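The next block holds one structure in the form of structure tokens; read it before the comments.
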Amino acid sequence: MKLTARSAALYSVTFAGLLVLSACGKNDQSANQPAPSSTAPAAPSTAPAKPAPASTAAAPAAAHTAAAPAAASTAAAAPTPPTAAPAAADNGFQVATVTLGDTVTPDHKVRKEVLSFSPSQKTIYVSVDTSGTTAGATLNAKWSYLEGSGQLVTSTSQSITADGPATTTFRVVNPNLWPEGKYKVDISLDGKQVASKQFEVKKS
């Protein structure tokens, strides 16, 4: 498949970040709902690499904050690759683990790590577990398509505050089929890359 055909499919991708922190008082929408198809403007923190055609792209869902206790165990989350050391900010605030998957729990954590997805998988999630406290930090998820000369799919940032362990979950929704091939998501904290995960889209 030529890169131009894959690029056309990637333009229809939309992003949404769902933030889950302890000591918050708002209820969140279900993370498994697809991004709304209205023409509402994207959340200010969303920064797609290229504008999507208005005829095919759904508006990204805004990020929300939900009150949920931090999970005591992160057994389902894969450890951060050794090459991506956590970056600290404020009072020991750092990224602990990054987990990719196709479903999330009621508190918006990825239920089980998945690194290979079907082209028909509409939503792909990445949970970023953090530890420590911060009065204000910015997490960013940058998704890239690695085939051919490579292509930035989109980049989404989320500002957070935390007084303990927390999970920030980003999701990418593609209403069409994903182009097959290798992808990766890079996680940055306050502008510095701290973790990276590769995944693959292929037919079963």
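Going left to right, the sequence shown walks through residues -25 to -1, 1 to 179 as mature numbering (1 follows the signal peptide of the UniProt record, and there is no 0) numbers them. Cβ coordinates follow ideal geometry from the N, Cα and C atoms, glycine included. Please read these numbers as outputs of a predicted model, since none were measured by experiment.
Measure from the C-beta of residue i to each C-beta in chain D and report whether the shortest distance is under 8 Å.
{"i": "H83", "result": "Given the protein chain composition of this structure (a single chain), no chain D is represented."}
Would you call the CB atoms of residue i and residue j closer than 8 Å?
{"i": "T136", "j": "A116", "result": "no"}
Kindly list the residues whose CB is nearer than 6 Å to the CB of residue i, restricted to its own chain and excluding five residues on each side of it in sequence; keep chain order.
{"i": "S134", "result": "T113"}
{"i": "T142", "result": "V(-6), K84, S102, D104"}
Excluding the five sequence neighbours on either side, which residues of its own chain have a C-beta within less than 8 Å of the C-beta of residue i, listed in chain order?
{"i": "K159", "result": "W118, S119, L121, S171, K172, Q173, F174"}
{"i": "K97", "result": "P9, V148, N149, P150"}
{"i": "R86", "result": "A51, G76, T78, V79, T80"}
{"i": "S179", "result": "S93"}
{"i": "L90", "result": "L75, K172, Q173, F174, E175"}
Which residues does DSSP pair with residue i in a beta bridge?
{"i": "Q96", "result": "None, per the DSSP bridge assignment."}
{"i": "N66", "result": "T108"}
{"i": "N115", "result": "S132, S163"}
{"i": "D138", "result": "T108"}
{"i": "G76", "result": "Y100"}
{"i": "L127", "result": "S119"}
{"i": "V169", "result": "Paired residue(s): none; V169 is not in a bridge."}
{"i": "K157", "result": "E175"}
So is residue i buried or exposed if we call it buried at 16+ other beta carbons inside 10 Å?
{"i": "T144", "result": "buried"}
For residue i and residue j, what's the separation of their Cα atoms in angstroms?
{"i": "T131", "j": "D82", "result": "20 Å"}
{"i": "G107", "j": "K167", "result": "17 Å"}
{"i": "V79", "j": "D138", "result": "23 Å"}
{"i": "F92", "j": "L164", "result": "26 Å"}
{"i": "I99", "j": "K177", "result": "14 Å"}
{"i": "N66", "j": "R146", "result": "28 Å"}
Can you find the residues in the same chain that come closer than 7 Å, C-beta to C-beta, to residue i, ignoring five residues on each side of it along the sequence?
{"i": "G125", "result": "S119"}
{"i": "F68", "result": "T105, G107, T108, T109, A112, A137"}
{"i": "K157", "result": "L121, E122, Q173, E175"}
Is residue i near the ligand GDP, going by C-beta to nearest heavy atom under 7 Å?
{"i": "F68", "result": "Judged by which ligands are present, the structure shown has none, so any question about the ligand GDP falls away."}
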